[in-house]
Amino acid sequence: MDPPGKRRPPVEDDDMEAEAIKRQRISDGEEDEEGGGEEGTDGAALPGLAVYKDDDDEEEEGAGHREQWMGQENGRGETIENGGGQVRVRAGDEEMMEALHQKDASRPPAPERRQRQVERRRDCPYLDTVNRQVLDFDFEKFCSISLSNLNVYACLVCGKYYQGRGLNSHAYTHSLEAGHHVYINLQTEKVYCLPDGYEIDDPSLDDIRHVLNPRFSREQVLHLDENRQWSRALDGSNYLPGMVGLNNIKETDFVNVTIQSLMRVTPLRNFFLIPENYQHSKSPLVHRFGELTRKIWHARNFKGQVSPHEFLQAVMKASNKRFQIGVQSDPVEFMSWLLNTLHAQLRHSKKKDRSIIYDCFQGELEVVKEIQKKPLIEKNDHDDEENKVIVAEGRSSNDSVVRETSKVPFLMLGLDLPPPPLFKDAMEKNIIPQVPLFNILKKFDGETVTEVVRPCIARMRYRVTRLPKYIILHMRRFTKNNFFIEKNPTLVNFPVKNLELKDYIPLPPPKVKKKLRSKYDLIANIVHDGKPGEGCYRVFVQRKSEELWFEMQDLHVNETLPQMVALSEAYMQIYEQQE
1 MDPPGKRRPP VEDDDMEAEA IKRQRISDGE EDEEGGGEEG TDGAALPGLA VYKDDDDEEE
61 EGAGHREQWM GQENGRGETI ENGGGQVRVR AGDEEMMEAL HQKDASRPPA PERRQRQVER
121 RRDCPYLDTV NRQVLDFDFE KFCSISLSNL NVYACLVCGK YYQGRGLNSH AYTHSLEAGH
181 HVYINLQTEK VYCLPDGYEI DDPSLDDIRH VLNPRFSREQ VLHLDENRQW SRALDGSNYL
241 PGMVGLNNIK ETDFVNVTIQ SLMRVTPLRN FFLIPENYQH SKSPLVHRFG ELTRKIWHAR
301 NFKGQVSPHE FLQAVMKASN KRFQIGVQSD PVEFMSWLLN TLHAQLRHSK KKDRSIIYDC
361 FQGELEVVKE IQKKPLIEKN DHDDEENKVI VAEGRSSNDS VVRETSKVPF LMLGLDLPPP
421 PLFKDAMEKN IIPQVPLFNI LKKFDGETVT EVVRPCIARM RYRVTRLPKY IILHMRRFTK
481 NNFFIEKNPT LVNFPVKNLE LKDYIPLPPP KVKKKLRSKY DLIANIVHDG KPGEGCYRVF
541 VQRKSEELWF EMQDLHVNET LPQMVALSEA YMQIYEQQE
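Take the sequence shown: its letter number 382 is residue 382 in full-length UniProt numbering, and every next letter is one higher.
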């Protein structure tokens, strides 16, 4: 309502209609420009310029948003769309409102905006600028400018990562500033030419796609151990697939030796070489471990080493920084954590206790635990030590012992080393003791008593009731006290082939019509060099296709003799059950 005493000026219908027609023409002109198509001499529409809208780009379109005014009954007026434009009509002008409604109803509906198709071409003139020497897909897929991991492209000329390929994206800007025109989407593996915007469809880029995401068929996986052929990197060096070095980012050698050891476990390796086997898992750790496995065994890599950077980032996140870059850790602890975490994230909802981890490494122990109960002590009137009387409540001395028997699954067995000698020999040198592996395996014969103090003082007896396909042994070389960590230098004499367990520990009889399989062959041996808390780790692994042994320490891979494996200070070993 208008305030009293103030008269509202009349609204001219001609002026309002002229304004509406003007807005309509402007809107129609914008729509014509937006169409982008031109007609040729024969009347056929020519393709427009490479101005496109990507479904995967995360750019917000600020232009094109129109403010809508809501008409109220309090006299503020009403807004009517008229052919793409908007006309605000004051309240009370019913004739003008009706005329605009009729004109808008008689106008045909505007065509919906069509999604533009990206052109595909094979004759890109910039393919010769692709530099495979600088490409490295081992690091995390983050934009080098925005640090975003969404919709990231790799420049195939300089190797850097950029986000998006729209008009305002970092990749588009880089293509204009640096003159680099070929980019690959790190997720979809599609290659584009910027700033032109067309997709490049050329089979010469397939080798880059294979390095970005290595692929194996099931037939290739089955015959992987039969391959004896060396591969050649771009720098001319030769490498063996599966025997490539791992980059030590910063004190991550404990991760490298663990990964190299697990790569010798054939069922585990074959499982992770096929991504369809674990596509149900949503764990980044599982997928990063599978990706690292495929890169290690890929025969078409551009270089002869692999960087486990993405896997380490997943480990840091999954372990809450228990294992992290720059902090030395124990490979035994890391192996135990990794196997249990992979099992928890791989198991199916129907078979919660089954996974490829348990199928390979899980065995079973029978544990007999004896706990001594504290006897009641009765004191006489005199507090002398001689007058104390032990009251057993009418039971014999055996009644004060509580015995518990249980079945416990295991993924690895810990072996106790004898303490080193305290004295030096005649030459004033410390004697390095040696012990056969069979002596320290007696811990699991069911008769040898092991005394423990945690969680309570008890006497333990262990007996193996089920052997796994792959048995992991670790020698407890490091002992901690309140002040420092000590390392036991005792050498363990172990066989490289034909470790017969039934001769040294009692084993349960096999099932009906099955043969007892208790012979094992060594496939990986982790060694610690240096002082406790410092030093470094290296690993000896076997290549099955030729039965050769290799010594691996980060990027260094050298062939060695089996006798050198047996002379090392073994810290953790993986044995494979013979068929």
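Where a beta carbon is used, it is the ideal one built from N, C-alpha and C, also for glycine.
Every value quoted in this text rests on a predicted model; they were computed, and no experiment measured them.
8 Å Cβ cutoff met for residue i and residue j
i	j	result
Gly166	Lys250	no
Met412	Ser336	yes
Val492	Asn525	no
Glu451	Gln313	no
Phe478	Lys487	yes
Thr252	Arg269	no
Arg300	His170	no
Glu496	Val257	A quick correction: the sequence has Val, not Glu, at residue 496. Cβ atoms of Val496 and Val257: not closer than 8 Å.
Gly304	Ile471	no
Asp295	Val286	First, the residue type needs correcting, since residue 295 is Lys and not Asp in the sequence shown. No, these two residues do not count as a Cβ contact at 8 Å.
Leu262	Pro308	no
Pro420	Pro532	no
Ile184	Leu156	yes
Leu559	Leu567	Note that residue 559 is Glu in the sequence shown, not Leu. Not closer than 8 Å, so no.
Cys158	Val152	no
Val182	Leu234	no
Tyr571	His474	yes
Ile440	Asp416	yes
Leu176	Ala154	no
Leu135	Phe302	yes
Pro267	Ile356	yes
Cys360	Val255	no
Asn238	Ser545	no
Gln324	Val541	no
Gln577	Arg517	yes
Phe289	Leu212	no
Tyr537	Val527	yes
Arg132	Ile208	yes
Asp445	Pro509	no
His280	Pro214	no
Residue i - partner residues in DSSP beta bridges
i	result
His556	Gln553
Pro436	Asn493
Met263	Bridge partners of Met263: none, in fact.
Cys155	Tyr183
His280	Partner(s): none; His280 has no beta bridge.
Arg120	Glu199
Ile366	In the sequence under discussion, the amino acid at residue 366 is Glu, which differs from the Ile named in the question. DSSP output for Glu366 lists Lys407, Arg463 as bridge partner(s).
Cys143	For Cys143, which the question treats as bridged, DSSP gives no partner whatsoever.
Phe540	Asn525, Glu551
Arg232	Asn238
Val402	Ile371
residue 600	One cannot answer for residue 600 here, as it falls past the ends of the chain, which runs 1 to 579.
His223	Its beta-bridge partners do not exist; DSSP assigns none.
Glu500	Lys519
Min CB distance residue i to chain D below 8 Å
i	result
Glu576	In summary, chain D is missing from the structure at hand, where a single protein chain is found.
Span of the alpha helix (DSSP H), counted from its first residue to its last, around residue i
i	result
Pro284	284 to 296
Cys360	356 to 361
Pro562	562 to 566
Leu339	331 to 346
Glu177	170 to 178
Terminal residues of the beta strand (DSSP E) in which residue i lies
i	result
Tyr162	161 to 163
Thr479	478 to 480
Ile523	519 to 529
Gln573	570 to 577
Leu312	First-last for Leu312: 309 to 318, but that is the alpha helix (DSSP H), not the beta strand (DSSP E).
Lys373	No beta strand (DSSP E) holds Lys373; DSSP gives it neither H nor E.
Asp416	413 to 416
Glu486	485 to 487
heavy atom of the ligand SAH below 7 Å from residue i C-beta
i	result
Thr341	Summarising the ligand content, the structure contains no ligands, and the ligand SAH is consequently not present.
>> As an exercise, report each continuous alpha helix (DSSP H) stretch of at least 4 residues that is fully enclosed by the stretch 434 to 472, in chain order.
In response: 437 to 440
> Between the stretch 221 to 237 and the stretch 491 to 503, do at least 3 Cβ pairs fall closer than 8 Å?
Replying inline: no
>> Check whether the stretch 350 to 369 and the stretch 451 to 460 touch, using three or more Cβ-Cβ pairs below 8 Å as the test.
In response: yes
>> For a minimum of 3 consecutive residues, which ranges assigned as the beta strand (DSSP E) are wholly contained in the stretch 191 to 219?
In response: 191 to 193, 198 to 200
> Does the count of Cβ pairs from the stretch 191 to 206 and the stretch 113 to 132 closer than 8 Å reach three?
Replying inline: yes
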